[in-house]
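One structure is given here, and the rest of the page talks about it.
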Ligand SMILES: [Zn+2]
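Below you can see the structure in the form of structure tokens.
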């Protein structure tokens, strides 16, 4: 092989995604530059509290962004701080969403200096090159002897996997160009709003994510039915459903499914005296609201089903039952109103693991009341309040929020399948449906168990491929 691959993050865990493709002449491309979260670190020692770039960037001619989740883009401000001025290549939808994500990320963890944030945002807008899906494009801008192609990854809007081909004949064997694929995060085939990912045609090397390499998701049909059942359970008690959710991707999936449930059940009661069509859905997160607006502007990238709903006059992300809450005073009023009134509602607020954000005020006000229900739809990492609610809630335990103890009398439900990640079957299909199977598959972005189980399944199906856990 006329290149090498190194991993600066998401190799011993699932955060801090950053991979490097280096050619024989030393020039290289970075694929993603994400934030480390929780206790995860890079092998060079970077982590959530040490985010400064800890690897050389002099020979980096471009950064390619697979999608705008913070664990894939959150270190871009640090990359600029380290002096990176090359192109930042991403899909057209990612180019719209990236400044939104990075503005928020910089405010939270990078600097309070508004002028500096504005300067970096302007720099990012200058360096971004938006590339349409499914078209080969030379990476001339940064002087890289490569061409690349982005294809839909079905994970969040704008997400892509990337294929690279070495175009400089001096840097590759004469016979055929070598293709290297970086999967980024892959989605599941029935992710709302997004077309399912299609496998690449062929590749020498595939760097493959493995988040759910050892798991199978529930079907989308079951998931929607269970979402409806949890809502009806809470409403039957004249209570509300609290859904802690990550702003990007999952929130929009949820809104999309709630609109479908409301549409199918318009004339049916959701609770005594309240029809589904009169139900209040509250999105209490300015960032999630901004993203939802971004998703709506980018509707040409939606899948056929979602565009069909638009054509039929429906508004999958902006339906009449949806209320968006912006300022802090209305947030506090809504918490108080829902805690007191006993009028059924669904609340979606960040953060997804209850470790901060507006969901915490709802939890403080409503966890002790058995009329309400908490619905956990995402992965809850060890040590977060979300994990404690998931673990101790059903046993009548308690959770610490901002140093105070809160007894959990509200119902607690866990609903899988909104992960936005491919499961084991989807990951195996990604490789299995390639025409030319890779010589090497490198598994990243997963914990040890997920990688080992997926590696075993891949080795069994593709004995001619080397499966590597770097
Ligand atoms: Zn992601």
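In my numbering, the protein residues as written are 1432 to 1901.
Each residue gets a CB set at the ideal place from its N, CA and C atoms; glycine is no exception.
Between residue 1522 and residue 1562, the beta carbon gap of about 6 Å places them in contact (Cβ cut-off 8 Å). Taking the CA atoms as reference points, residue 1714 sits about 11 Å from residue 1749. Each residue's CA atom was taken as its position, placing residue 1863 and residue 1854 some 14 Å apart. Under DSSP, residue 1568 takes part in a beta bridge, and its partners are 1579. In the structure shown, residue 1522 falls within a strand segment according to DSSP collapsed to helix, strand and coil. A direct Cα-Cα distance of roughly 42 Å separates residue 1530 from residue 1827. In the three-state DSSP reduction, residue 1617 falls in the coil class, being neither helix nor strand.
Within the same chain, 1714, 1720 come within 7 Å of residue 1755 by CB-CB distance, once the 5 residues on both sides are set aside. Contact between residue 1635 and residue 1610 holds: CB atoms are separated by about 6 Å, below the 8 Å threshold. The straight-line gap separating the alpha-carbon atoms of residue 1802 and residue 1669 is approximately 6 Å.
With a cutoff of 8 Å, residue 1503 counts as near ligand 1, since its C-beta is closer than that to a heavy atom of the ligand. Taking the Cα positions, residue 1628 is about 13 Å away from residue 1859. Scanning its chain for C-beta atoms nearer than 8 Å, with the 5 sequence neighbours on each side dropped, one finds around residue 1659 the residues 1692, 1696, in chain order. For residue 1641, the distance from the CB to the nearest heavy atom of ligand 1 is not below 8 Å.
Counted as a single uninterrupted DSSP element, the alpha helix (DSSP H) harbouring residue 1817 occupies residues 1816 to 1823. Annotation: the continuous beta strand (DSSP E) that includes residue 1440 extends over 1434 to 1440. By the C-beta density criterion, residue 1726 is buried, having at least 16 other C-beta atoms within 10 angstroms. Straight across, the Cα-Cα distance linking residue 1839 with residue 1652 is about 30 Å.
Taking the Cβ atoms as the reference, residue 1454 lies roughly 5 Å from residue 1434, within the contact range of under 8 Å.
Unbroken alpha helix (DSSP H) runs of no fewer than 4 residues, entirely contained in the segment 1834 to 1889, are found at 1855 to 1863, following chain order.
Annotated three-state conformation of residue 1726 is helix, per DSSP. With contacts defined by Cβ atoms closer than 9 Å, residue 1633 and residue 1865 form a contacting pair. Three or more beta-carbon pairs drawn from the segment 1668 to 1685 and the segment 1765 to 1774 are found closer than 8 Å, and the two stretches are therefore classed as touching.
Residue 1586 and residue 1550 have their C-alpha atoms some 30 Å from each other. In the three-state reduction of the DSSP assignment, residue 1656 falls in the helix class, which pools H, G and I.
Taking all protein chains in view, the Cβ of residue 1538 is surrounded by fewer than 16 other Cβ atoms within 10 Å, so the residue is classified as exposed. Look at which beta carbons fall closer than 5 Å to any heavy atom of ligand 1; those residues are 1500, 1616.
The Cβ neighbour count for residue 1510, taken over all protein chains shown within 10 Å, is at least 16; the residue is labelled buried. In this structure residue 1775 is in contact with residue 1666, their Cβ atoms being roughly 4 Å apart against a cut-off of 8 Å. Counting along the chain, the unbroken alpha helix (DSSP H) around residue 1762 starts and ends at 1759 to 1772. A distance below 7 Å between beta-carbons, with the five flanking residues on each side excluded, links residue 1740 to the following residues of its chain, in chain order: 1747. Within the model, the alpha-carbon separation for residue 1514 versus residue 1464 is close to 14 Å. Between residue 1707 and the set 1682, 1737, 1662, the nearest pair of CA atoms involves 1662.
In this structure, residue 1450 lies away from residue 1616, with their beta-carbon atoms at least 9 Å apart.
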